[in-house]
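Peer 1: Quick one: the structure is below, questions incoming.
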Amino acid sequence: MDPTDRRYTKEHEWVKVEGDRGRIGISAYAQNQLGDVVFVELPEVGRKLKAHESFGTVESVKAVSELYSPVAGEVVEVNSALASAPEAINSDPYGKGWMIVVRISDASAVNTLMDAAAYGKHVESEGK
Amino acid sequence: MVAFGGWEMPVEYSGLIAEHMSVRKAAGLFDVSHMGELAVEGPGALAFLQRTTANDVSKLADGQAQYSALPLPSGAAADDVVVYRRGGERFLVVVNASNIEKDHRWLLSQSPEGCEVADKSDQYALLALQGPAAEEILRPLSAADLGGMKRFHFAEADVDGHPATISRTGYTGEDGFEIFVPPDHADPLWRRLLEAGREKGLVPAGLGARDTLRLEAKLCLYGNDLDETTSLIEAGLGWIVSTDPAKGDYPGRCVLETQKKDGPPRKLVGFEVVGRGIARHGYPVYVDGAAAGAVTSGTYAPFLQKNIGLTYLPAARSAVGTDFQVDVRGRKVDARVVPTPFYKRT
């Protein structure tokens, strides 16, 4: 099962709440579907994101995917290590593969996202 | 698995990059049974192929193959193919999966005389064993003289007891073999080859790696880099267009000969992305700020660790070193024409 300390979107992003901030990345299922990640495009610190707004792209050898922010907020940190080592998204999607941290503007919205169990069912239904 | 022309095909097994690197450094095994096989047989076979293909078929000896194309009157190609001479009256034309019916119809429409053109695609499975270790892996399994088999030569010989045609050809830029077997022999042979090659680094490889490998070697993909609007000369395939008077006429010969002499209006070039981003198939291309077409193939190149691609540029702006731009999802990214093939085995 995916980590239970965070919430998930239908588009396979996760957000982990850390105080008033949310750390964001993509799920193990998403990285597996993409295959070897070779390029990530992430926003600048200071960018204000709406919920479900695109904040960048992740590219594997064979495909490009948009990244959508699970929550609204201002980008306060970007994982710059991914520029030279994007493969961390494959090897450690829930750890070193994190993408951005936002200061969450609407904390209650997080609870509308799927927990790990619901996300697991979502993935299962998508695989069919 | 992805659907491809009615076939369920694996895009990757262990991972595209790992498979790509294995083929460059050791070996990979591909199931390319989707490829089509058209048999052209009879006393008139050679004459028929001379007037329906671009390359000079008379140069082939028995057991020899050649890269060629089925030209159209416009100078474009209905398909790019490999012609195998099994005997003076027996030829096999290996065609792209998506073009099997089209090619068969196009050949039949050119009135074969003294020969039959038959679609035998369902009688052949095709496994491609590619990479520097390919010969070493295959040698213990076959009595064929692999060491003496030159590139673009082939032999009919058993592989581990399976009746096969072994051809020193491929689509990866590496040494290697393509092994034609009856379909019911493909599964056991696949397993046996993987087992025999494991110690030498052989891995199963999918369509994804096949595409990145062929692009690093600048091998054209029909439907991307070649289609019914691109002339063979523009595509840089003048070397498979025979202008020998003895070959006689074939569709598009006049156009192709003129282009070969005077130069084509545009040329297929290889490029590297200089800025940040991966140029992919269909992304618009700009030269001196003006729209100039689109990327025909583009990828991250795993061996070279660069973003590379192919596109058609106006001939006057196609020299190595020419800078142009690719529109990567709304962002203009700098690219530069580079020498090709991007990768050449040493």
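Residue numbers (the working numbering), protein chains in the order written: chain X, -15 to 112; chain C, 6 to 351. Ideal Cβ placement from N, Cα and C applies to all residues, glycine included. Since we're looking at a predicted model, the values are computed, not measured.
#1: Would you decide whether W244 (chain C) is buried or exposed? Buried here means 16 or more other CB atoms lie within 10 Å of its CB.
#2: Once DSSP output is grouped into helix, strand and coil, what is the label at Y103 (chain X)?
#3: For A340 (chain C) and F347 (chain C), which I take to be in contact (beta-carbon distance under 8 Å), what is that distance rounded to the nearest angstrom?
#4: The beta strand (DSSP E) spanning S38 (chain X) covers which residue range?
#5: Work out the CA separation of F53 (chain C) and L18 (chain X) for me, nearest whole Å.
#6: Note down the Cα distance separating K(-6) (chain X) from H106 (chain X), rounded to an integer number of angstroms.
#7: Within the 8 Å Cβ cut-off, does L224 (chain C) reach chain X?
#8: Mind checking whether G213 (chain C) and L34 (chain C) have CB atoms under 8 Å apart?
#9: Might you give, ordered along the chain, the residues of its own chain that have their beta carbon closer than 8 Å to the beta carbon of G119 (chain C), omitting 5 neighbours on each side?
#10: Take the Cβ of D192 (chain C) as the centre, count every other Cβ of all protein chains shown within 10 Å, and call the residue buried at 16 or more, exposed below.
#11: So who's on the other strand from G275 (chain C), going by DSSP bridges?
#12: What residues from the stretch 18 to 31 of chain C come within 7 Å of chain X, judged by C-beta to C-beta, listed N to C?
#13: Ordered along the chain, which non-local residues of its own chain (more than five positions away) have a Cβ less than 8 Å from that of D(-11) (chain X)?
#14: So with CB distances below 7 Å, who are the chain C contacts of V22 (chain X)?
#15: By DSSP, does V331 (chain C) sit in helix, in strand, or in coil?
#16: Which residue from C:L198, C:A66, C:S73 puts its Cα closest to that of S247 (chain C)?
#17: Nearest by alpha-carbon distance to E106 (chain C): which of C:L65, C:A31, C:P117, C:E42 is it?
#18: Taking the C-alpha atoms as reference points, what is the distance between H378 (chain C) and D127 (chain C)?
#19: Secondary structure at E179 (chain C), three-state DSSP: helix, strand or coil?
#20: Using beta-carbon positions only, say whether V86 (chain X) and L26 (chain X) come within less than 8 Å of one another.
#21: Assuming A32 (chain C) and L207 (chain C) make a contact with CB atoms under 8 Å, what is their CB distance in whole Å?
#22: Rounded to the nearest angstrom, how far is the Cβ of E(-3) (chain X) from that of L66 (chain X), given a contact under 8 Å?
#23: What distance in whole Å lies between the Cβ atoms of G81 (chain X) and G9 (chain X), which are believed to be in contact at a cut-off of 8 Å?
#24: How is S79 (chain C) classed by DSSP in three states: helix, strand or coil?
#25: Starting from K155 (chain C), trace the alpha helix (DSSP H) both ways and give me its first and last residue.
#26: With a threshold of 16 other CB atoms inside 10 Å of the CB of A102 (chain X), please say whether the residue is buried or exposed.
#27: Can you round the beta-carbon distance between V355 (chain C) and V331 (chain C) to whole angstroms, since I take them to be within the 8 Å contact cut?
#28: Using a Cβ cut-off of 8 Å (strictly closer), state whether V342 (chain C) contacts chain X.
#29: Taking G294 (chain C) as the reference, which of C:R322, C:G314, C:R156, C:K272 has the closest Cα?
#30: Between T177 (chain C) and chain X, is any beta-carbon pair separated by less than 8 Å?
#31: Looking at T174 (chain C) and F185 (chain C), is the spacing between their C-beta atoms short of 8 Å?
#32: Could you check what DSSP says for E94 (chain C) in three-state terms: helix, strand or coil?
#33: Kindly indicate the opening and closing residues of the beta strand (DSSP E) around H167 (chain C).
#34: Verify whether the separation of the beta carbon atoms of D84 (chain C) and Y227 (chain C) is less than 8 Å.
#35: Among C:D216, C:R197, C:V333, which residue has its Cα nearest to the Cα of K46 (chain X)?
#36: Closer than 7 Å, Cβ to any Cβ of chain C: which residues of the stretch 14 to 47 of chain X, in chain order?
Peer 2: Quick look at the numbers:
#1: To locate residue 244 (chain C), count along the second sequence from 1; it is residue 239. W244 (chain C) is exposed by the Cβ-count criterion.
#2: Within the first sequence, residue 103 (chain X) is the residue found at index 119, counting from 1. In the structure shown, Y103 (chain X) sits in a helix (DSSP, three-state: H, G or I).
#3: On the second sequence, residue 340 (chain C) is found 335 positions in, with the first residue counted as 1. On the second sequence, residue 347 (chain C) is found 342 positions in, with the first residue counted as 1. Actually they do not touch by this definition, with Cβ atoms about 13 Å apart.
#4: The sequence position of residue 38 (chain X) within the first sequence is 54, counting from 1. First-last of the beta strand (DSSP E) with S38 (chain X): 38 to 44.
#5: Here residue 18 (chain X) corresponds to residue number 34 of the first sequence, with the count starting at 1. Here residue 53 (chain C) corresponds to residue number 48 of the second sequence, with the count starting at 1. Rounded to the nearest angstrom, the two C-alpha atoms are 47 Å apart.
#6: If you number the first sequence from 1, residue -6 (chain X) lands on position 10. If you number the first sequence from 1, residue 106 (chain X) lands on position 122. Cα to Cα, the separation comes out at about 7 Å.
#7: Looking up residue 224 (chain C) in the second sequence gives position 219. Residue-level contact check: L224 (chain C) does not touch chain X, since none of the beta carbons of chain X fall below 8 Å from its beta carbon.
#8: Here residue 213 (chain C) corresponds to residue number 208 of the second sequence, with the count starting at 1. Here residue 34 (chain C) corresponds to residue number 29 of the second sequence, with the count starting at 1. No. Outside cutoff.
#9: One-based indexing of the second sequence puts residue 119 (chain C) at position 114. Excluding positions up to five away in sequence, the list reads G47, P48, G49, A50, A52, F53.
#10: Position 187 of the second sequence, counted from the first residue, corresponds to residue 192 (chain C). When all chains shown are included, D192 (chain C) counts as exposed.
#11: Within the second sequence, numbered from 1, the residue matching residue 275 (chain C) stands at position 270. Answer is C:L315, C:V343, bridged to G275 (chain C).
#12: G20, L21, I22
#13: Here residue -11 (chain X) refers to the residue found at position 5 of the first sequence. Same-chain partners within the cutoff: K0.
#14: The residue you call residue 22 (chain X) lines up with position 38 of the first sequence. The contacting residues are Y305.
#15: As a position in the second sequence, residue 331 (chain C) is number 326, starting the count at 1. Reduced to three states, the DSSP call for V331 (chain C) is strand.
#16: On the second sequence, position 242 is the one that residue 247 (chain C) refers to. That would be C:S73, whose Cα lies nearest to the Cα of S247 (chain C).
#17: As a first step, residue 106 (chain C) must be located in the second sequence, where it is residue number 101. Residue C:E42 is the option with its Cα nearest to E106 (chain C).
#18: The displayed coordinates of chain C run from 6 to 351. Any statement about residue 378 (chain C) would go beyond what the structure contains.
#19: Here residue 179 (chain C) refers to the residue found at position 174 of the second sequence. In this structure, E179 (chain C) counts as coil in the three-state DSSP scheme.
#20: The residue labelled residue 86 (chain X) in the question sits at position 102 within the first sequence. The residue labelled residue 26 (chain X) in the question sits at position 42 within the first sequence. No, they are not a contact pair.
#21: Taking the second sequence and counting its residues from 1, one reaches residue 32 (chain C) at position 27. Taking the second sequence and counting its residues from 1, one reaches residue 207 (chain C) at position 202. A32 (chain C) to L207 (chain C), Cβ: 4 Å. Contact.
#22: The sequence position of residue -3 (chain X) within the first sequence is 13, counting from 1. The sequence position of residue 66 (chain X) within the first sequence is 82, counting from 1. Contact doesn't hold; Cβ gap of about 15 Å is too wide.
#23: Locating residue 9 (chain X) in the first sequence gives position 25, where the first residue counts as 1. Locating residue 81 (chain X) in the first sequence gives position 97, where the first residue counts as 1. So it is a contact: roughly 6 Å between Cβ atoms.
#24: Position 74 of the second sequence, counting from 1, holds the residue named residue 79 (chain C). Looking at S79 (chain C) - three-state DSSP - the assignment turns out to be coil, as it is neither helix nor strand.
#25: Here residue 155 (chain C) is taken as the residue at index 150 of the second sequence, counted from 1. Taken as a continuous stretch (DSSP letters only), K155 (chain C) belongs to no alpha helix (DSSP H), as it is neither H nor E.
#26: As a working note, residue 102 (chain X) is residue 118 in the first sequence. So A102 (chain X) counts as exposed.
#27: What is shown of chain C runs 6 to 351, which leaves residue 355 (chain C) out entirely.
#28: Mapped onto the second sequence, residue 342 (chain C) falls at position 337. Not closer than 8 Å to any Cβ of chain X, the Cβ of V342 (chain C) fails to qualify, so no.
#29: The residue labelled residue 294 (chain C) in the question sits at position 289 within the second sequence. Ranking the options by Cα distance to G294 (chain C), first place goes to C:R322.
#30: Taking the first residue of the second sequence as position 1, residue 177 (chain C) is located at position 172. Taking Cβ atoms only, chain X never reaches closer than 8 Å to T177 (chain C), which makes this a no.
#31: Along the second sequence, one-based indexing puts residue 185 (chain C) at 180. Along the second sequence, one-based indexing puts residue 174 (chain C) at 169. The answer is no: Cβ separation not under 8 Å.
#32: Position 89 of the second sequence holds residue 94 (chain C). Three-state DSSP puts E94 (chain C) in coil, outside helix and strand.
#33: Sequence index remark: in the second sequence, residue 167 (chain C) carries index 162 (1-based). Its beta strand (DSSP E) spans residues 167 to 172.
#34: Stepping through the second sequence from its first residue, residue 84 (chain C) is reached at position 79. Stepping through the second sequence from its first residue, residue 227 (chain C) is reached at position 222. Yes, Cβ-Cβ distance for D84 (chain C) and Y227 (chain C) is below 8 Å.
#35: The residue you call residue 46 (chain X) lines up with position 62 of the first sequence. With distances taken between CA atoms, K46 (chain X) lies nearest to C:D216 out of C:D216, C:R197, C:V333.
#36: G19, D20, V22, F23, E43, V45, K46
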